[in-house]
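Undergrad:
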Amino acid sequence: MLHVVCAIIYNDDEILIAQRSDKMALPLKWEFPGGKVERSEEKKMALQREINEELAMEIEVGEALEPVIYHYKSFSITLYPYICNSSSKAFIKREHREIRWEKIENLKKYDWAAADVPVVKKLITEINKM
Numbered sequence: 001m002l003h004v005v006c007a008i009i010y011n012d013d014e015i016l017i018a019q020r021s022d023k024m025a026l027p028l029k030w031e032f033p034g035g036k037v038e039r040s041e042e043k044k045m046a047l048q049r050e051i052n053e054e055l056a057m058e059i060e061v062g063e064a065l066e067p068v069i070y071h072y073k074s075f076s077i078t079l080y081p082y083i084c085n086s087s088s089k090a091f092i093k094r095e096h097r098e099i100r101w102e103k104i105e106n107l108k109k110y111d112w113a114a115a116d117v118p119v120v121k122k123l124i125t126e127i128n129k130m
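Residue 1 is where the sequence shown starts when you use UniProt numbering, and the numbers rise one by one after that.
1. Can you give the beta carbon distance from leucine 123 to isoleucine 8, rounded, assuming they're within the 8 angstroms contact cut?
2. Three Cβ pairs or more, each shorter than 8 angstroms: is that satisfied between the region 106-120 and the region 83-93?
3. Is lysine 36 close to chain E, meaning its C-beta is less than 7 angstroms from at least one C-beta of that chain?
4. Name, in chain order, the residues that DSSP records as bridge partners for glutamate 60.
5. Cα-Cα, which of Met57, Ala25, Arg97 is closest to serine 86?
6. Enumerate in chain order the residues of its own chain whose CB-to-CB distance from alanine 18 is below 6 angstroms, with the five nearest sequence positions on each side excluded.
7. Could you give the first and the last residue of the continuous beta strand (DSSP E) run that contains lysine 100?
8. Using a Cβ-Cβ cut-off of 6 angstroms (strictly less than) and excluding sequence neighbours within five positions of tryptophan 44, which residues of its own chain qualify?
9. Relative to the C-alpha of glutamate 105, which candidate in Leu2, Val4, Asp13 has its C-alpha closest?
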């Protein structure tokens, strides 16, 4: 089982989303940026490290959402999503095919990695309650 953290990075009323490259596992699927937790690494520290490595961004890691367990054909993951904030919309694209800021109500139009789908649904449900 892989342990993976992901950042739901808010800036104003938008969230940062990333499209996986065609060379990555789950090619061209959309996801919330993040990555694997290394052995003996704390999840919040892993998330800050991954976002810095992938996007050269500094984030403030906040509330943890409910983890998602998903079984793909060749591997299984536990995805640990965190609500995060960034004071800047600036990033450097280092690994993904595309990175963009998007409004929550538009998230459903993307082709998401299966493990991210429950997180997307939760965000859309929450915004619809407002």
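Note that the Cβ used here is the ideal one computed from N, Cα and C, for glycine as well.
For clarity, every value in this text was computed on a predicted model and none was experimentally measured.
TA: Once the coordinates are examined:
1. Here residue 123 corresponds to residue number 123 of the sequence shown, with the count starting at 1. Here residue 8 corresponds to residue number 8 of the sequence shown, with the count starting at 1. About 7 angstroms separates the two Cβ atoms, so the contact holds.
2. no
3. Of the protein chains in the structure, only one exists, and it is not chain E.
4. Stepping through the sequence shown from its first residue, residue 60 is reached at position 60. In DSSP, glutamate 60 forms a bridge with Asn85.
5. One-based indexing of the sequence shown puts residue 86 at position 86. Put simply, of Met57, Ala25, Arg97 the residue whose alpha carbon is nearest the alpha carbon of serine 86 is Met57.
6. Sequence index remark: in the sequence shown, residue 18 carries index 18 (1-based). Once the five neighbours on either side are set aside, the close Cβ partners of alanine 18 are Glu31, Pro33, His96, Ile99.
7. Counting from one through the sequence shown, the residue named residue 100 turns up at place 100. Here the sequence assigns arginine to residue 100, which means lysine is not the residue at that position. Note, arginine 100: beta strand (DSSP E), 98-103.
8. Here the question's residue 44 lines up with position 44 in the sequence shown. The question names tryptophan, but residue 44 in the sequence shown is lysine. Val61.
9. Along the sequence shown, read from residue 1 onward, the residue named residue 105 stands at position 105. Ranking the options by Cα distance to glutamate 105, first place goes to Asp13.
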